[in-house]
Amino acid sequence: MVPVLCVSQVDCVVCPMLGAQPSSLRVGRALQSVAGAALEIRFKQAGGAPRPADTVLVDGLPVLTNAVIFLHLVNYSSRQQERAKQVLRDSIDSALRRCEERGFSSVALPVLGPGAMLQFPLHTAALVLLQEIHTFEKRRAPKTPFLIRIVIHPDDKDASKAFQIAQQTVHLKGFTNYANPSHASFYCHVSSSVSEVSALMGNVKLQIVQGDIIHEKTDIIVNSTGFNKETAGISKAILTAAGPNVKAEFIHVSKTADHLCCTGAGLLGCRKIIHVQTDHTVQGISKNCKKSTETL
1 MVPVLCVSQV DCVVCPMLGA QPSSLRVGRA LQSVAGAALE IRFKQAGGAP
51 RPADTVLVDG LPVLTNAVIF LHLVNYSSRQ QERAKQVLRD SIDSALRRCE
101 ERGFSSVALP VLGPGAMLQF PLHTAALVLL QEIHTFEKRR APKTPFLIRI
151 VIHPDDKDAS KAFQIAQQTV HLKGFTNYAN PSHASFYCHV SSSVSEVSAL
201 MGNVKLQIVQ GDIIHEKTDI IVNSTGFNKE TAGISKAILT AAGPNVKAEF
251 IHVSKTADHL CCTGAGLLGC RKIIHVQTDH TVQGISKNCK KSTETL
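No gaps in the numbering here: position 139 of the sequence shown is 139 in UniProt numbering, and each next residue is one more.
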């Protein structure tokens, strides 16, 4: 279960508990199998979580993540369903707030609530989790992206379906399904700001930024242009900002280039410029985008 949670890819992992026992549920037992006695020791040193909805952040464990946040949850029985849902809501809210307070940029959560011990209906657990993420998203000041990764076992098709249905109710922005038959299904929510939207595509972080490309500080700037005609628009702005030496280099190397060539960066804040000539078809654009990434 620890590899399934991909603890090496996030700053923090959320671990549910039945009561105040850190290893009472599957995720906790998996963490204990890695951390050993240190799990119980550090949990007690951090103060435990004696009451329902209490959360405790434990760091310094020998696992590949900065911290683990334990949630004290209660059973979803016929006598306390509403109380159990409120405890789950409060616990999720507290965990996300703790991540924000610690300056974390990412967190992984299992599906919180279903199973033989806590007994939440899948649709209820999925809906509560997405609603709390939505509330967190509206409350936080989105200065930087914050990745929330919901991890589902690859064999748990019912859970995947439950989150799809819950999303139809919540309409959470930036909510994406990354499913792989041999790995866990990832439902990722990435916060956005007014000027930036970020999302994970596999192991690649994609950022869509509102701004002026000639002021970007990156390794590469890609210039979409025509090789045999006068540049215009954004292409002209890039070459003008790069300076006359880069423009002269581009004119020289583009004469023998096959839809793609590289030049120095000149006065721009990147290492080099990749110049790409694309046609107006989806296939042509896709082909040359792929060639550009292979050049990096």
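Glycine included, each C-beta is placed from N, C-alpha and C at the ideal position.
Applying the criterion that 16 or more other CB atoms from any shown protein chain within 10 Å of the CB defines a buried residue, is residue i buried or exposed?
i           : result
residue 14  : buried
residue 72  : buried
residue 282 : exposed
residue 62  : exposed
residue 23  : buried
residue 152 : buried
residue 101 : exposed
residue 137 : buried
residue 16  : buried
Can you name the residues that DSSP bridges to residue i?
i           : result
residue 273 : 221, 263
residue 289 : Residue 289 is not bridged to any residue.
residue 242 : Looking at the DSSP assignment, residue 242 forms no beta bridge with any residue, so it has no partner.
residue 90  : DSSP lists no partner for residue 90.
residue 16  : 71
residue 57  : 69
Could you tell me whether the Cβ atoms of residue i and residue j are closer together than 8 angstroms?
i           : j           : result
residue 20  : residue 53  : no
residue 234 : residue 274 : no
residue 60  : residue 42  : yes
residue 106 : residue 139 : no
residue 259 : residue 223 : no
residue 122 : residue 84  : no
residue 162 : residue 126 : yes
residue 325 : residue 266 : Nothing can be reported for residue 325, as the shown portion of the chain is limited to 1 through 296.
residue 31  : residue 118 : no
residue 170 : residue 131 : yes
residue 55  : residue 95  : yes
residue 175 : residue 167 : yes
Using a Cβ-Cβ cutoff of less than 8 angstroms, which residues in the same chain neighbour residue i once the five nearest sequence positions on both sides are dropped?
i           : result
residue 182 : Unreliable positioning characterises residue 182 in this predicted model, as indicated by a pLDDT of 43, which lies under 50. The coordinate reading is nonetheless provided below. So the qualifying residues of the chain are 154.
residue 231 : 225, 239
residue 285 : 278, 279
residue 134 : 170, 172
residue 245 : 264, 266
residue 25  : 15, 16, 17, 18, 115, 117, 118
Please go through the same chain and pick out, in chain order, the residues whose beta-carbon is closer than 6 angstroms to the beta-carbon of residue i, but skip the five residues on each side of it.
i           : result
residue 104 : 11, 12
residue 57  : 67, 69, 98
residue 249 : 263
residue 261 : 253, 254, 275
residue 291 : 260
residue 293 : none
residue 120 : 76, 113, 114
Less than 7 angstroms separating the Cβ of residue i from some heavy atom of the ligand ZN?
i           : result
residue 260 : Absent from the structure shown: the ligand ZN. Ligands present: none.
Using a Cβ-Cβ cutoff of less than 7 angstroms, which residues in the same chain neighbour residue i once the five nearest sequence positions on both sides are dropped?
i           : result
residue 271 : 219, 220, 265
residue 144 : 105
residue 247 : 239
residue 227 : 254, 257, 277
- Query: Between the stretch 79–94 and the stretch 21–38, are three or more C-beta pairs nearer than 8 angstroms?
  - Reply: no
Below 8 angstroms, can you find three or more Cβ-Cβ pairs linking the stretch 211–226 to the stretch 238–251?
-> yes
Flag this pair as touching only if the stretch 112–123 and the stretch 55–67 have three or more C-beta atom pairs under 8 angstroms; answer yes or no. no
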